[in-house]
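**Student:** Throughout the sequence shown, residue numbering follows the working numbering, covering 512 to 1697 in sequence.
Built from N, CA and C at the ideal position, the CB exists for glycine as well.
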Amino acid sequence: MKTFFKILLAVLIWTLIAAVLVGGALFFDIAIESAVTVLITLMALWYGFKILRWGYRRHQARQRVEQLINVAPDERGIRTSVWRLWGRRNEKDERFLEILRFLHSSSLRRHGDTRYVQPWHLLLGESSANKTEMLQGLHIPRPTLDSPLLHGDGQDVTWYLHNRGIILDTPNPWSDPTTEGSNEDWLRLLMQLEKHRQHIPINGLLIAVSVQTLLSAGTDTLERIANKYRRLIEDVVQVLGVNVPIHLILTQTEALPGFDAWVSALPAQQTREALGATRETTSRHHSNGAPEAPAKFAGNLVKRIAHRIREINLLALRDQHATADTLRLPLRLQALERPLSWFTASLFESNQYQETPQLRSIHFSAQAVVPDEILTADPILTTRDPAPAAATNNDRQTLFLWPLFTQLLPAQRDEFTFVHAANEAKRRRQRQRAIGWSAAVAILTTGITGLYLHDRASLRDASNVYARQLLPPADLDSRVANLIAYKTLIERVEAQRFFPWLAPGVEPAFVAKMKEDLANRVNTTLIQEIDSLFEARLQQTFFADSSQDLGRVAEYTGLLVRRINLLNAWAEGASPTALANLPPAFDTESFAARDADSLAPINTLYLQALQWARESHPDTYQSTASTQRATLQQRLDKILIHAGNDFTWLITWANRNPNLKSYRISQFWKSGSGSLPNDISVPRAYTAAGKNRIDGFIDELRQAGVNPQRLDEALPHFQTHYRAQYLKAWEQFAFNFSDGIQSLRTREEWLDVINQLNTGRNPYFNALNLLDTELAPYRDDADIPDWVALSNYYQDMRALGPSDGTSNTKRNRILTNLVLKTIGKAGPLGQMLSKSGKSTLKTKNKLDKASGGPSADERAAQLEQAAEQLKAYQDALGEFVYSAEVRSSAYTATTALFNEPDNPAAGGSPYAKAYASIQKLQAIAGKETNANAAFWRLYKAPLNLLRGYMLQEASCQLDDSWRNNVLAELEGVPDFKRDDYLRGETGILWSFLSGPAQAFARQELGRGYTLKRAQGSTLTITPAFLDFATRAKAVRKNTGIVNVEINAYPASLNLDAHTAISKSTLTVICPEGSYELHNYNYPASRSFPWTTACTSVSLDIRLNSLNLNKTWTGATAFPDFIHAFGGGPKGFTPRDFPGQAQQLRELGVDEILLQFDISGASQVLQSVAISPLNIPQHISSCWAML
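What follows is the structure, given as structure tokens:
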């Protein structure tokens, strides 16, 4: 009832909210649909929030349970999540359900729900407790019904039914303290109880512990056993959500010495009484009402039982029935006080993290042989409990537990308490279930309403879009976009399912009308407009002028042909897929200013219009196709008649296609960072794909109904012209391909290309292979040019190469050609066979153009030798690649090349081997001529690459040799010896010129040193070095001594000076001594031998007591002096003597005039011009200097 009122409250609240929203919408003149949308949104948000909150809380609860419940690993060592056990139903779960059905089939159902009529208790205990034997020895009232389902096999639960309850005897391994975690089957049992006994999952727990275990085990073992039972109790709390009373049963008490004798001395009725006590939940002895602690309760119980045994023993002594063991029994029993207290303290210890278990009773049990008179004397046993099959007279019976099972457990069946969190979770699940059903009804109602509103809104949007289509835009792009939007709208409406308003698969009538309308709009507002545009262009630029605009012809002809063929297929009933696979009507050949992406929507609209027009008019669309086709054919004929026999517009048409690939030389030289001044390109029309495109379009022309006679007359001329231009384009490409080397700037770029020579990325061989691919349309023509024949011959060499990876198919083709040519010379029969074979291969005359060289038959006969030379060429290139980065190797090869420039094949360098292989191949295939220059330039181009790299590397090596062997040697030479050490008779300059530089520079009569040439190339030696060497050679025979005579004239001062010059002295310091010239103001002269070793000149001027000095030092000291005084008198001012400037001003000296006449000055200056100080630091350009 409570749940019903909650649901009713939720319905009322949502009804009130809906009323407010609808009223607000009416008041503010807003559509009712908006209010319903807001209501649906609010409901979705509210219930979505509740679901998320429920999921979050459930996730937290699961995490807490996972932390508390530790599932033991299975036989594979894998731990299973406790919550995943729900989804893994097994035979034990099925057995539980079968037992429930068995109970339901009994008479128990007359008393109510069979799951709750009797209390259910779980019995726990390890193997040493003998709990199963304890149950079997019980003689309490039991029903006579039995079933094999109730008996476990030691691995499953045994169900013990008696008149006052049901005991679930769990298997011993579940309570084994040596196992880690909780047994999976134990958790399954708890989950089944929680699922099928939700109101009262379990009424209590019975824990059986052996007295012998308590007495013999140490504290660690007892604590481990207690922890195991505490874990099982916690499983019950966490899974079932209840805190149940726990009854501790101490079994095997009969094992205590004297206990059997004591039992036999008991009166018959006392064996049916309880040997234990019930723990009260509150205590009258404590002011706070707290119950007695479990450990203290256990200790006091042992003391009371021991005291009772003593009292009974006193009675036995009086009757003389007591024995020594009976008298010592109380002492032995008191030994149990300490371990039992320890065990209960550990088991029922309280903490803040877990629910504290409720200890309700402790009972001792024993098994003993009960006399027959005791059984027959009990009226209950004789009248209510028919003897079970397992129990017979004189068997050992379980004693002292009758009150526990028949009185205490039934009386305390309702003492369990739900854990607050679990109880709250259960109530929450109930609320959520009720809310879920309410939400389902609300969602169904709102869903149908929302579906209606959505469909109506969709149709309203479609109506608005359709209204905007009534006035098409003026420009083409906007018009196409408008029609695409209309098409998308139709497809969206068509894809929408108007269920439940319309049956599934039924197309609304208005959709068919929209399709027909779109087809008409595409035809009138798009296709006809494009036709008018092309007609106007043709009238203005093509038909109005006698000259033919091939671009206009290419534009409109392609469009007309493609549309005619599409109409033919459409009229024949081709499917939309087949129409889409045909060449598109609107492409870049017709619309050169547009790309393929912008034309794709137009093609899509055109094909869609054809499809929907056929669906709208299935009976008349063929006549419509015929009418449109006739109109287009008239326009096409008019254009072709005006164009005459000139079909070169097909080349323009093919070049407009962006899907075709053109080729440029720079595409093969991606390693270079520079630009190519002559980057030859092959247009798209002159490629194999372009030719296929043109041939395919010619076939389309024939399919479009163009006059066959006109095509047969015009096409041969076009084919001849096209073939010539095709071959010319590729000949220019091959002839200039080696110019790609001009894009290489650095050593790394050169090396990158060189390293590709022995790989599949070799640009030269890739270019040759590209020629083979692109020349395939004309490869087998009889009149091919010689360079094409050699290109084919190169592919034949590749096919027969010893280690070439050419496919077997190609090798077989080459061998077949050779066999047919051989058979052709073997008489009439051979010629007949040869003719038959050549009719399919067309290879007889493909090499006949090699005029002036070997014939085709001669080349074919030596094909294997030619293949060997190709292999040798490739091996030489590969050998060069392996040593390319070793500069000395390139220098050695370059030196050998320049030493014998007229025989590049001499020597054993890789370059020489490659050159030799080319010479041998030319001896087989023919030397280079104008007719085959394109092939040979491309084939030999790797040599140009190698030679250019070698020259650069040799230049670097030569420059390094100059700096290391010449300049470095001069660094340690004194200044006065450097000139002779460099250019003397045995100077190192001449050793360099006759050594490292000998192969690259030579002395010519009257010209000095010049560069040598090899195959038209020179080393990059600088002109400055050649001039330096030439000038040094000119003075080589000179000893370097210049006889100099100096004439000194009187010195003078300015007229108003207050002093006069008394003496001037010129001193020239040379290695052999000093030469002085004294001037006392009258003419004087002095001669001396000057060499470049004279490194100091000093001029001293004495003005009475004032001494002035001017000094020139270094190898150019005397030449500097000559420059100073060689042009006449030299004047000095006080500023030239900073240290004495003030004194000179005080003496009134403003100028000092000196004059010297030097004989031999020109020879001195000539010697200085080639002095070591002007030696070039670099003599050749290296990579960094490019």
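1) Pull up the distance between the alpha-carbon of T1035 and that of S1173, whole angstroms please.
2) I'd like the span of the beta strand (DSSP E) that includes A1512, first residue to last.
3) Return helix, strand or coil for D1668, following the three-state DSSP convention.
4) Can you say whether H758 is buried or exposed, counting buried as having 16 or more other CB atoms within 10 angstroms of its CB?
5) Are N1592 and A1562 close, meaning C-beta to C-beta below 8 angstroms?
6) Across which residues does DSSP place K1574 in a beta bridge pair?
7) Please work out which residues of its chain come closer than 6 angstroms, Cβ to Cβ, to R1073, disregarding the five sequence neighbours upstream and downstream, and give them in chain order.
8) Tell me the DSSP secondary structure of I1690 in three-state form.
9) If A950 sits next to S857, beta carbons under 8 angstroms apart, how far is it from one beta carbon to the other, in whole angstroms?
10) For the putative contact between G810 and S876, defined by C-beta atoms under 8 angstroms, what is the C-beta separation to the nearest angstrom?
11) Our contact map puts L920 next to G715 with C-beta atoms below 8 angstroms; I'd like the distance itself, whole angstroms only.
12) Just confirm the distance between the C-beta atoms of S1182 and D1263, as a whole number of angstroms; I'd bet it's less than 8 angstroms.
13) Let's test the definition: count the other Cβ atoms within 10 Å of the Cβ of Y1233 and tell me whether it reaches 16, buried, or not, exposed.
14) What separation, rounded to the nearest whole angstrom, lies between the Cα atoms of N1168 and F1045?
15) Hey, L550 and L537: beta-carbon distance below 8 angstroms or not?
16) In chain order, what are the residue ranges of uninterrupted alpha helix (DSSP H) at least 4 long that sit wholly in the segment 1261-1292?
17) Which runs of the beta strand (DSSP E) fall wholly inside the segment 694-763 and span at least 3 residues, in chain order?
18) From I1663, T724, R1290 and Q908, pick the residue whose C-alpha is nearest to that of R849; which is it?
19) Using CA atoms only, rank isn't needed, just tell me which of D1661, S618 and R839 is closest to L767.
20) Counting only the same chain and skipping the five closest in sequence on each side, list residues whose C-beta sits under 6 angstroms from that of Q629.
21) Pull up the CB-CB distance for A1571 and L1564, whole angstroms please, since I reckon it's below 8 angstroms.
22) Which residues bound the beta strand (DSSP E) around T1163?
23) Between the alpha carbons of C1693 and S1472, how many angstroms are there, rounded?
24) Looking at the secondary structure, which residues open and close the beta strand (DSSP E) in which A877 lies?
25) What number of angstroms, rounded off, separates the C-alpha of P756 from the C-alpha of I651?
26) If we ignore side chains and look at the alpha-carbon of each, how far apart do T1603 and A1404 end up?
27) If you check the beta carbons only, do W685 and L679 fall under 8 angstroms apart?
28) Could you pull out every residue in the same chain whose Cβ sits closer than 6 angstroms to the Cβ of T894, ignoring the five residues on either side in sequence?
29) By how many angstroms is the C-alpha of E745 removed from the C-alpha of Q865?
30) What would DSSP say about W1601, mapped onto helix, strand or coil?
31) Please state whether DSSP places Y1237 in a helix, a strand or coil.
32) What residue from N1203, D1210 and R1221 has the CA that sits closest to T1284's CA?
33) In angstroms with no decimal places, state the Cα-to-Cα distance between Y1305 and P1227.
34) Below 7 angstroms CB to CB, which residues in the same chain sit around D1470 once its five sequence neighbours on both sides are set aside?
35) Who are the Cβ neighbours of L579 in its own chain at under 7 angstroms, not counting the five residues just before and after it?
36) Compute the Euclidean distance between the alpha carbons of S1058 and H1153, then round it to the nearest angstrom.
**Tutor:** Put simply:
1) 38 angstroms
2) A1512 to E1515
3) strand
4) buried
5) yes
6) R1613
7) P1094 and A1096
8) coil
9) Not confirmed; about 49 angstroms, so no contact.
10) The pair is not a contact, with the Cβ atoms about 19 angstroms apart (cut-off 8 angstroms).
11) 6 angstroms
12) 4 angstroms
13) buried
14) 19 angstroms
15) no
16) 1274-1285
17) 715-721 and 756-762
18) T724
19) R839
20) G676 and I677
21) 7 angstroms
22) Careful: T1163 lies outside any beta strand (DSSP E), inside the alpha helix (DSSP H) at W1160 to N1166.
23) 13 angstroms
24) A877 to V880
25) 22 angstroms
26) 41 angstroms
27) no
28) Because T894 sits at a pLDDT of 36, beneath the cut-off of 50, its placement in the model cannot be relied upon, and the point is left open.
29) 8 angstroms
30) strand
31) helix
32) N1203
33) 31 angstroms
34) H1689, I1690, S1691 and C1693
35) Low local confidence applies: a pLDDT of 49 at L579 is under 50, so the model's placement there is unreliable, with the coordinate-based value given in what follows. Around L579: E745 and Q749.
36) Interpretation of S1058 is limited by its pLDDT of 48, a score under 50 that renders its predicted location unreliable; no figure is taken from the coordinates.
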